[in-house]
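Only one structure is covered here, and it is reproduced in the block below.
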Amino acid sequence: MYHRTNLITVLPLRILLFAAVMAVTVFPAVMAQNNDTGVYIDPTKSDRDFRTRLNMAGNNVETIINNFGTIGSGNASINQAGVWPRGTGHGHLHEMTGWVTSRVDLPGGGRQVIVSNGYGDSQSNVQDPETGVEWKFHPKPGYYDPTVDNPRIANQLDPNTWPDSWPGKDATWDGQWNGFFGLNQFSADQEAYYVMDDYWNRKFPFYPNANDSSKRGLGMQVSVRLFQWSQALANNILFMFYEVSNSGTTSYSFNMNDNPIFFGGYTDVNPSGAGATDDAAAFNRMENIVYGWSATSVGLWNQFREIPPGYIGWKFLQSPGISTDGIDNDGDLLVDESQESPAGEYVFGSCGTYDDPQFRWEGDENCNWNPLTDDVGTDGIGPLDPNWPGPDPDGTEGNGKPDQGEPNFGRLDNAESDQIGLTSFFAPLFGTVLISDEESMWNRMQPGFFDIPQQAVNQYWIFGSGPFELLPGQTERFSTCFVFGANENEMFRNAQVAQRIYDADYRFARPPLPPRLQAIPGDGKVVLVWDEVAEFSFDPIYGYDFEGYRVIKATDPRFRDAKDITDALGTPRFKVSVAQYDLINDLTGPHPLQLGEEIDSPTGIHYYMGDDTGLRHYYIDEDVINGREYYYAVVSYDHGYYDDFYERGISEIENSFNISPSESPASITLENGVITRFDPNTASARPNTQPTDVDEGQIDTDSQNRITRAEGFTTGQVQAITVARDLLKDLTYELTFEQEGTKTSVEYATSTYSLTDSEGNILIDREPVPRTLANVYSNNWTHELLDEGFVLLFNNRQPTLSNTQITSGWTSDSKTNLRTSIELFPYSPPIIWPINVVVEVFDPNGEPADSSFRTTTGRVKDPVWFKVYEEGSEENVNFIFNSQGTTPGVIDTTNSINLVFRDQPTDSRYTYSWTIRFLAPTRADGTPLPPDQVIPPQPGDKFILRAEVPFSERDKFVFSTSSTQASEESGKDLLDLIRVVPNPYVAATITESRPFLSGRGERRIEFRNLPARSRIRIYTASGVFVRQIETDLGVAVWNLRTKDDLEAAFGLYFYHVEAEGIGEKVGKFAIIN
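Going by our numbering, the residue at position 521 of the sequence shown is 522; the numbering climbs one at a time, nothing skipped.
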């Protein structure tokens, strides 16, 4: 159980903390000069040599993006752009680019339309004949790490892509993520970031910067961010966000005769696949979305053809604003609001349509900046966030007023812009309006130009917004998104989610952090282990809301063969898990909120929350085939929110918005069928045989993995499960317990446990036994010692009357046929003494064996010819014998034994617990046997009362582990174990991985059960040398390629194994065409 601080109690403290820190802090000068919205205009020019890409796959949409403004690379990324569903190769996009356009006055006279963009496919006249550099956007250096192997666009999931330092940021940001919301702010599940400019657009003699004639184009710097959320409601959406800054000295205006400027997007879509001519499309102006589908419902893709093409929508979300025209352009009852406005004065004023009039800062036009949660400073990170570096050097953190870079203000508040909206849309036929044809573009982007898409043709989609004002140093914004759905209704539902995410300033449900996963292959099994980082995840809205883990398994790296969980409409929403582990907090079964119900769009599916199993950080998969590659994901999920979660103690936050659970994203990135990256919570493993000359590490347990009780009398059991044999050491471990008393001196509860090793290391130091929801100690729990290579599974036992009645009785070699009955003295509640007691019968003609109390005072004792003692210790147990038979002190059919104990040393009487009654034997029908068939207890007969005994300080478990070491088995015996799999090889084998979307894929023959250091030589039947393979893993793999990298022919082959220090073996196998 983790201690978690309540958000409500922390927030006022944070304000005090700010005030104290600010009072004593002297802040250095800020490193870089930003404009009024906090955007850094980078003076470094772009460089074509820094072009790179990224395969973005943070949810169900997978696509190639480029850092020069495009999604997809045209013919260079067929079936890799706008892939939906992820992993199918169903590319729905050819190429998309954002663009900036103006009609400007040229120095020599005349006016010219200039279109700055990144589009590069099938476009003419796009390259400078002198420099060879395209008249396009190019990336500015410094926004990703170009020194690593296979450099990629900087993205939040891969720290290797982050530069050592960020342009315009101080040293606090070095090596950290430069997120949309600030320093190390991971607002989405995947976010990519780059900056580009149109410096090299020299097609026309226009010079936007009077101080530097080398800067061309329109003098635009564009910061680009792409977002993806994996939450089930949003996992079919890709967001594109553009911040366009005027880095020149030319002023652009909303006057059509004075350098009017427009933003927009240009897309070549393929709803049915590349080259299809059956594109159907429609435009919904009310929703600002154009969408397309296959008119024939048949795609041109080669794989997963059973999946219909579905629908793709391109939705316009954000336009530039005009803050100087005195007009309420966006209809929110606020005039000329601007994301560039400073905080201003604290005044009473209108909040437009967003809230009632109230006191607010002038720059917080929609009245939603909250000093308790949003006053985190310009870096966007506060003391409640992980890795908080301290107060902002510029003094903005905790200063009591909004600043650029803080949530719900300025550039991070979309409502604080008087947006002009979408002003044009057109859908020309493919090849008719090229983006390089400036005049054709200009004529169609005029305000009010809205086209109706044609049907069953190949077409472009083009959005436009303008004109507006963009003065030197000013920044305006433009954003769109692609949404996908299996049908029109689903696509519009996803578009509704996209709009809500945008309206919430790109703040959406944040899942827990993904755990870091490791997969350990073994012989016939794969062991997964992961860390606990997800359990400390903090959601800015819902606080600490982690709930559990789900384990997902597949044989395809895109998890296509993991079974889908679909909603009521048949849409896949989640993957079926092979294991699930959740907190014990009474949140079980289906979540009370239906997915989509929070946005009034229910889908008929509830997230399954688990069964209160308790958390675990390992999983042993024994449902595997040796040699086959398996792919795993461990997703963490939160508990969402519902009306009663605060009252039930599930959530620490009171009166929040209901939301369905979110789970962390998990994907394996492939490019052209080659795996290029694993998310931290994904892994692959190929189980196989181990080297035959090595004895793997092991634990000395019995066949059921139970360790030995060396001391004590507990009936509880402890299992030691091997997780990683390579981590086992040559050590002996001792496990001990402590208990605490409960109602009486003989009743107790196991309270702590400890583990030490033979080197004196304390591995577990008086760890409290976990408690249940009823606040009693658990009987079953797990303790993970993953660094030691094993876990301990505890099964404690508690005595009950019913169980004791079942397990107690005469030993099998006893001669008597008397029946017995076990009872408890009728105290309320009864006293259940955890003890195993033996009643041993002695010869009644001999000396008395023991004496019993006559009453609970214990003062008068009577001789008896039996003995009562604890099993194991053989210590006498006090008792009262109710002798009503013919022979006093001898057990007969009318007798009973009451076990008693003195509860406190000062007590004058003993206390009853168990009663053992001896009854006459009966026939099967329940009638008594005749007296001559009654066999009284004979000398040596034993009755055992068996009550469960919990772990206590009397108990000690001891077990040993041994490390992996060389085997002592003879060499010939080892070589006889070598096998070729499959033999013969016929066309293919189940162990071959097939991540490729086209082509033959992997071919694989395995030599198994090899000694650790082995060399295999392969020859044809005629003796021609084919290939040599060396291994120290116990398995050698041949890809059916010769030493000259030619494909091996079918036929008979011989192999020669040379095992170092062991011997040699020759065998044969066949390849059948």
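C-beta atoms are modelled at their ideal positions from N, C-alpha and C, and glycine is treated no differently.
Judged by their CB atoms, G266 and F451 are not nearer to each other than the 7 Å cut-off. Contact between F1051 and I1019 fails: their C-beta atoms lie close to 14 Å from each other, not under 8 Å. The Cβ atoms of S320 and L219 lie no closer than 7 Å to each other.
Put simply, of D165, A563, G411, P454 the residue whose alpha carbon is nearest the alpha carbon of G88 is A563. With respect to the C-alpha of V675, the residue from S602, P688, D557, S652 having the closest C-alpha is D557.
Distances from the CA of G698 to each of A725, S298, F509, V530 were compared; the closest alpha carbon is that of A725. The continuous stretches of beta strand (DSSP E) do not include K973, which lies in the alpha helix (DSSP H) extending over residues 972 to 976. Here the alpha carbon of D904 sits roughly 56 Å from the alpha carbon of Y633. Between F317 and V484, the alpha-carbon positions lie close to 11 Å from each other. Where A172 is concerned, there is no enclosing alpha helix (DSSP H), because DSSP gives it neither an H nor an E.
The C-alpha of Y911 is placed about 5 Å away from the C-alpha of T857. The C-beta of M446 has 16 or more other C-beta atoms within 10 Å across all chains shown, which makes the residue buried. Taking the CA atoms as reference points, D532 sits about 9 Å from P515.
Inclusion of P541 and G59 in the CB contact set at 7 Å is not warranted, their separation being larger than that value. Collapsing the DSSP output to three states places E536 in a helix.
Ranked by Cα distance from W834, the first of R855, D696, N804 is N804.
Counting along the chain, the unbroken beta strand (DSSP E) around R478 starts and ends at 476 to 486.
Taking C-beta separations shorter than 6 Å and ignoring five residues to either side along the sequence, the partners of E439 in its chain run V114, V116, following chain order.
For W443, the secondary structure class from DSSP, reduced to helix, strand or coil, is helix.
Two segments are said to touch when three or more pairs of C-beta atoms, one from each, lie closer than 8 Å; by this definition the stretch 578 to 589 does not touch the stretch 752 to 762.
Cβ neighbours of S47 within its own chain (closer than 7 Å, five residues either side excluded): H139, P140, K141, M197, D198, Y200, W201. When secondary structure is reduced to three states using DSSP, I66 falls in the strand class. Taking the Cα of L975 as reference, the smallest distance to any Cα among G1064, T888, V270, G75 is reached at G1064.
Residue ranges of uninterrupted beta strand (DSSP E) with 3 or more members, entirely inside the stretch 638 to 713 and ordered along the chain, are 669 to 672, 675 to 679, 683 to 686, 709 to 712. Across the structure, N781 and H618 are spaced so that their CA atoms are roughly 16 Å apart. Taking C-alpha positions only, N388 is separated from E648 by approximately 31 Å. I502: member of the alpha helix (DSSP H) spanning 489 to 504, first to last residue.
Scanning the stretch 218 to 276 for uninterrupted beta strand (DSSP E) segments of 3 residues or longer gives 221 to 229, 238 to 247, 262 to 270, listed from N- to C-terminal end. The Cβ atoms of Y195 and I154 lie closer than 7 Å to each other. Secondary structure at N780: coil, using DSSP grouped into helix, strand and coil. As DSSP reads the structure, F867 sits in a beta bridge with V842. Its chain contains S968, L975, P1012, A1013 as the residues whose beta carbon lies nearer than 6 Å to that of D694, once the 5 sequence neighbours on both sides are disregarded; these appear in chain order.
Using a 10 angstroms sphere on the CB of K816, the tally of other CB atoms stays under 16, which defines it as exposed.
Ranked by Cα distance from D613, the first of T773, L529, Q497, G327 is T773. Excluding residues up to 5 positions away in sequence, T895, N896 lie with their Cβ nearer than 7 Å to the Cβ of Q885 in the same chain.
In the DSSP assignment, Q905 is bridged to no other residue.
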